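> Residue numbers (the working numbering): 28 to 157.
Even for Gly, the Cβ is constructed at its ideal location relative to N, Cα and C.
Since this is a predicted model, take the numbers as computed values, not measurements.
Handing you this structure, nothing more for now.
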């Protein structure tokens, strides 16, 4: 099964949102079936077959996630990030300000879903064909 060192190696290639599809392809090869990334501190919970789960440590000092979500603002910032115009730290700050608590990437459904603090779906996107 995959280890955090494998995931870190795959993540080290990501410089912007434009690199996301290749990152997902690498995680699938490792056996990751889903992951939840938490905006407040960047920790990630990775899931694999047979209930396998590992958690990566926080990546940055804690951010305050807005209590009220702003889908319009988030959609605008996400598009900029996907075009490679912002880096990962900026994207996380923007997501926190827009009220995104976490996002879930599901490799079986090929979706990336963003949730607010009340666990409401703010946005669900299909991951581009790999």
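(1) Which class does residue 98 belong to by DSSP, given the choice of helix, strand or coil?
(2) Of the residues 47, 129, 140, which one's Cα is nearest the Cα of residue 94?
(3) Per DSSP, residue 79 is paired with what?
(4) What's the gap between the Cα of residue 32 and the Cα of residue 57?
(5) Starting from the C-beta of residue 67, find all residues in its chain whose C-beta is less than 6 angstroms away, skip the five residues before and the five after it, and write them out in chain order.
(6) Measure the C-alpha to C-alpha separation of residue 135 and residue 107 and round it to an integer number of angstroms.
(7) Where do the ends of the alpha helix (DSSP H) carrying residue 115 lie?
(8) Would you mind giving the Cβ-Cβ distance between residue 100 and residue 149, rounded to the nearest angstrom? I have them listed as a contact below 8 angstroms.
(9) Which residues mark the beginning and the end of the beta strand (DSSP E) in which residue 68 is found?
(10) Given a cut-off of 9 angstroms, decide if residue 29 and residue 79 are closer than it, judged by their beta-carbon atoms.
(11) Apply the 10 Å Cβ neighbour rule to residue 111 and answer buried if 16 or more other Cβ atoms are within range, or exposed otherwise.
(12) Count the other CB atoms, across all protein chains shown, that sit within 10 Å of the CB of residue 114; report buried if there are 16 or more and exposed otherwise.
(13) Counting along the chain, where does the alpha helix (DSSP H) carrying residue 33 start and finish?
On the basis of the data shown:
(1) helix
(2) 129
(3) Answer is none; residue 79 lacks a bridge partner.
(4) 11 angstroms
(5) 89, 90, 92
(6) 26 angstroms
(7) 115-124
(8) Not really, about 10 angstroms apart at Cβ, beyond 8 angstroms.
(9) It is not in any beta strand (DSSP E) - residue 68 carries neither H nor E in the DSSP assignment.
(10) yes
(11) exposed
(12) exposed
(13) 31-38
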